[in-house]
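Asker: Dropping the structure in here first, questions after.
2 protein chains.
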Amino acid sequence: MSHTRECACCDPGAPASSGGEMTCYCPLGGVIETVGRKYAMQVVALLGAEGPTRYGELEERLEVTSSSTLSDCLSDLVDENLIERRSFDEVPPRVEYSLTPRGRQLEERLQPLLEWAATE
Amino acid sequence: MSHTRECACCDPGAPASSGGEMTCYCPLGGVIETVGRKYAMQVVALLGAEGPTRYGELEERLEVTSSSTLSDCLSDLVDENLIERRSFDEVPPRVEYSLTPRGRQLEERLQPLLEWAATE
DNA sequence: CAGCATCCGAACCGATACTG
DNA sequence: CAGTATCGGTTCGGATGCTG
């Protein structure tokens, strides 16, 4: 197993404590940074389940309290290449968000969590 | 499907928009609140993979920069019934943390995410 | 409709220092 | 060893108001 995130626990040069394989949990910290933000997971899950969705519907379905918060979140997800933004040249304006391939990978791995959360 | 978290999209009294099933993504927000905190996911994943672990080893393995941050995180996880704290009456003092059954459920659902994160 | 700008309070996180 | 106390900087999130 390998990953790009640097940390001493995975550094080949570092001495292994017991000589065995040493799983690193730092990458998980990376996922959480991107996904821990408010609405991020919900956006990914919703887009995965329902396909391209408009901004306004995201606001409704996720019960967003402040539009700027959702707006910032969406920008981040776009920057992280997890979702894609597509705007149509219409009036009134229309914008749809959808998962990128990478976003879909994440969404698939989020499924078990969502199902469990829903029964809690 | 049902869950305890209240939200209008799941309110039985609320009118369904298209008469069909309406998946609610709010519970996911709940998971994230507990798990979005720094070190939380890593602690759960590590305990799941390696069993009861001492405080000091958690600090090392997770490359914790500030002990108070980890300390707070652990308290939260205990409060949320995801991990268990067991202290031994020895000198020097020893404390071990382990997953509760509920914590293990979460850990299992975190696995796919960890594996994916490690390859990113 | 789909947002961004701004402001402000709350929460979080890290560093340092100290205890049982 | 295994924490807690405190403090300050930074980020986050909510509310309001305004544009293309």
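Chains A and B, in that order, are what the protein sequence lines are.
Count along the first sequence starting at 1, add 316, and that's the number in this note's numbering.
Count along the second sequence starting at 1, add 316, and that's the number in this note's numbering.
Beta carbons are placed, not taken as given, at the ideal position from N, Cα and C, and that holds for glycine.
Nothing here was measured: the structure is a model prediction, and the numbers come from that model.
1) When we look at the beta-carbon of Met357 (chain B) and count the other beta-carbons within 10 Å, is it buried (16 or more) or exposed?
2) DSSP three-state call for Ser384 (chain A): helix, strand or coil?
3) Check whether the Cβ atoms of Glu423 (chain B) and Leu415 (chain B) sit closer than 8 Å, and answer yes or no.
4) When you compare the CB of Leu386 (chain B) with every CB in chain A, is at least one pair closer than 8 Å?
5) Using only the alpha-carbon positions, how far apart do Cys389 (chain A) and Glu375 (chain A) sit?
6) Given 8 Å as the limit, is there contact between the region 394–407 of chain A and the region 387–407 of chain B, that is, 3 or more CB pairs closer than that?
7) Are there 16 or more other CB atoms within 10 angstroms of the CB of Pro417 (chain A), so buried, or fewer, so exposed?
8) Using only the alpha-carbon positions, how far apart do Ala330 (chain B) and Arg425 (chain B) sit?
9) For Thr339 (chain A), which three-state DSSP category applies?
10) Can the beta-carbon of Asp347 (chain A) be found less than 8 Å from the beta-carbon of Ala365 (chain B)?
11) Along the chain, where does the alpha helix (DSSP H) containing Val407 (chain A) start, and where does it finish?
12) State buried or exposed for Arg377 (chain A), treating a residue as buried only when at least 16 other CB atoms are found within 10 Å of its CB.
13) Taking any Cβ of chain B, which residues in the region 398–424 of chain A have a Cβ under 8 Å from it, in chain order?
14) Measuring alpha carbon to alpha carbon, tell me which residue in B:Cys342, B:Gln421, B:Pro343, B:Lys354 is nearest Ser383 (chain B).
15) Can you name, in chain order, every residue of its own chain whose Cβ lies under 7 Å from the Cβ of Arg321 (chain A), other than the five neighbours on each side?
16) What would DSSP say about Thr435 (chain B), mapped onto helix, strand or coil?
17) Closest to Asn397 (chain B) by C-alpha separation, out of A:Glu436, A:Leu398, A:Thr339, A:Tyr371, would be which residue?
18) Using three-state DSSP, classify Leu415 (chain A) as helix, strand or coil.
19) Name the one or two DSSP bridge partners that Glu376 (chain B) has.
Answerer: Considering the structure as presented:
1) buried
2) helix
3) yes
4) no
5) 12 Å
6) no
7) exposed
8) Note on Ala330 (chain B): pLDDT 47, under 50, position unreliable in the model; the coordinate value appears next. About 31 Å.
9) coil
10) First, the residue type needs correcting, since residue 347 (chain A) is Val and not Asp in the sequence shown. The answer is no: Cβ separation not under 8 Å.
11) Per DSSP, Val407 (chain A) belongs to no alpha helix (DSSP H) and is neither H nor E.
12) buried
13) Gln421, Leu422, Glu424
14) B:Lys354
15) Only weak support is given to the placement of Arg321 (chain A): the predicted model assigns it a pLDDT of 48, under 50, and the value that follows is read from those uncertain coordinates. Answer for Arg321 (chain A): Cys342, Pro343, Gly346, listed in chain order.
16) helix
17) A:Glu436
18) strand
19) Partner(s): none; Glu376 (chain B) has no beta bridge.
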